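The numbering of the sequence shown is the numbering used here, which starts it at 3 and goes up by one.
Structure first, then comments.
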Amino acid sequence: MRKYYLYSFGCKVNRYETQLITDKFKSDGWTLADKPEEADVIIFNSCTVTSEADKECEYYLRKALRLPNHPEIILTGCMAKNENLKIKEKFPTVKVVSDKTELYSKPKEQSIETFDNRSRAFLKIQDGCDSFCSYCIVPFVRNELWSKPEDFVLSEIKTLIQNGYSEIVLTGIHVGKYKGGLSNLLEKITAIPLEFRVRISSIEINEIDDKLIELMKKFPDKICRHLHIPLQSGNDEVLKLMNRKYTTKDFADKTNKILNALPNLALTTDIISGFPGETEKNHDETLEFVKRTKFARFHIFRYSDRTGTKASTSDNKVPSEIIKERATALFEIDAQKRAGFLKKNIGTKRKAVRAGRNKVLTDNYIEKQMEAADKKIFDIIIDENCRI
């Protein structure tokens, strides 16, 4: 029997699409190999959002090409669509599939019934971005805006719930651009008469409307008390250089409004350290902004050039050692934010679901190490052993 092996890199959208690829191979009679050495074909579902993502994928490609069983190697995903990387020159024997849908069993429908080896299910509702932030390669490799039809989304959610998944994570390349409105879709999702909850993977600050806030307030058991809202910088000059469509005041006003309505919400974010043109003063203002904003945690990215983006052509690059120092300062604040959010929640009861082996996840993004027998929603008490 033919065997396949899958490497999946990057975002939640990629993980969902990896499941679509898995379903295709299974329907064609393939069996998942336990390890690459046993596979007849290895598929790499790649990410190219950072230079580190490229390096990681290339490292595993080289390892696969040295395997004694000589499997067929297929590269798909965003790295396969990024022509600047010249993949075919670097890896002439690798089959490059730039159109990932060629590997799906249902390329137009794009739906799943299970999410293999996962206790929570990711559900892709949207694809593509046309924002062209000056640092981001994504609009160049995923430039076609697409939204899954509403009835498809609702049907897929019902199927996943009936198959045992109690948390559905709505994901996309730019979820806030969902055609017809994300809030309108969420309103219909909350009306599904089954036991489950839904989480929004990430959303831009200027795409959170009053209706979304009201829905989260009205349906605390259906919509997780967690929003991941990318900030990227706490300085208006840098935000403008990044081509972000808001100011720090816009961000502060909206997040204050959200947290006043939803005081137990976990507010998480992304921050880029050392963006071209960022001065020491700009960096200090970012530190002050994140200190006074009630974040629960943030992800810190050291700026890296993406060839083809506007930022990559800047003559005002920040030296790598300074980028590292600035990232370190942000990590220190991040640790304080995590500790503070956890302390505020210790002793409270929260709804949780299983989120991997011996781990559960609350609605407001707190993890606890414990066994959970099934995928149902249950109560836990937050204690000192939890983390966010």
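Just so you know, even glycine gets a beta-carbon here, dropped at the ideal spot from N, CA and C.
Source: prediction; values computed, not measured.
The DSSP-derived three-state label of His228 is strand. Cys59 and Glu323 have their C-alpha atoms spaced approximately 25 Å apart. Beta-carbon to beta-carbon, Pro232 and Ser204 are separated by about 7 Å, close enough to satisfy the 8 Å threshold. Put simply, the backbone Cα of Ile383 is about 41 Å away from that of Tyr137.
Apart from sequence neighbours up to five positions away, the residues of its chain that approach Lys213 with a beta-carbon distance below 7 Å are Ser185, ordered along the chain. For Phe277, same chain residues with a beta-carbon under 6 Å away, outside a window of 5 residues either side, are Val240, Tyr305 in chain order. Residue pairing of Ile44 in beta bridges, as defined by DSSP: Tyr7, Ile75. Three or more Cβ pairs closer than 8 Å define a contact, and the stretch 312 to 321 falls short of that threshold against the stretch 91 to 103. Annotated three-state conformation of Arg246 is coil, per DSSP.
For Val177, the three-state secondary structure derived from DSSP is helix. Straight-line measurement puts the Cα of Glu287 at about 42 Å from the Cα of Phe117. Taking a cut-off of 8 Å on C-beta distances, the stretch 149 to 164 does not touch the stretch 47 to 57, as fewer than three cross pairs fall below it.
Burial is judged here by how many other beta carbons sit within 10 angstroms of a residue's own beta carbon; Ile348 has fewer than 16 and is exposed. The bridge partners DSSP lists for Phe303 are Ile274. Counting only residues of its own chain and dropping the five nearest sequence neighbours on each side, Val143 has a CB closer than 6 Å to the CB of Cys80, Lys83, Asn84.
By a beta-carbon distance limit of 8 Å, Phe300 contacts Ile273. Their separation comes to about 5 Å.
Glu111 sits exposed, since fewer than 16 C-beta atoms from the chains shown fall within 10 Å of its C-beta. Beta-bridge annotation (DSSP): Val362 is paired with Arg356, Lys370. For Ala123, the enclosing beta strand (DSSP E) begins and ends at 123 to 129. In the DSSP assignment, the residues bridged to Ser149 are Gln128. Shown here, Thr33 sits in a strand according to DSSP, grouped into three states.
Straight across, the Cα-Cα distance linking Glu373 with Arg356 is about 8 Å. When only Cα atoms are considered, Glu216 and Gly174 end up about 22 Å apart. Rounded to the nearest angstrom, the gap between the Cα atoms of Pro70 and Val362 is 39 Å. Taking all protein chains shown into account, Ala263 has fewer than 16 neighbouring C-beta atoms within 10 Å of its C-beta and is therefore exposed. Excluding five sequence positions before and after Tyr6, the CB atoms of its chain that fall closer than 8 Å to its own CB belong to Phe27, Trp32, Thr33, Leu34, Ala35, Ala41, Asp42, Val43, Ile44, Ile45, given in chain order.
In this chain, Ile379 is not harboured by any beta strand (DSSP E), its DSSP state being neither H nor E. Secondary structure of Ala193 (DSSP, three-state): coil. Counting the other CB atoms within 10 Å of its CB gives Arg294 a total below 16, which places it among the exposed residues. In the DSSP assignment, Ile335 falls within the alpha helix (DSSP H) that extends over 322 to 347. Just so you know, the alpha carbons of Ala341 and Glu327 end up roughly 22 Å apart.
Residues Ile114, Phe117, Asp118 of the same chain have their beta carbon placed closer than 7 Å to that of Gln21, with the five preceding and five following residues left out of the count.
In the displayed model, Arg199 falls within a strand according to three-state DSSP. A distance below 7 Å between beta-carbons, with the five flanking residues on each side excluded, links Arg246 to the following residues of its chain, in chain order: Cys135, Gln234. Nearest to Ala298 by C-alpha distance, out of Lys312, Pro265, Ile75, is Pro265.
For Leu233, no alpha helix (DSSP H) encloses it, and the DSSP letter there is neither H nor E.
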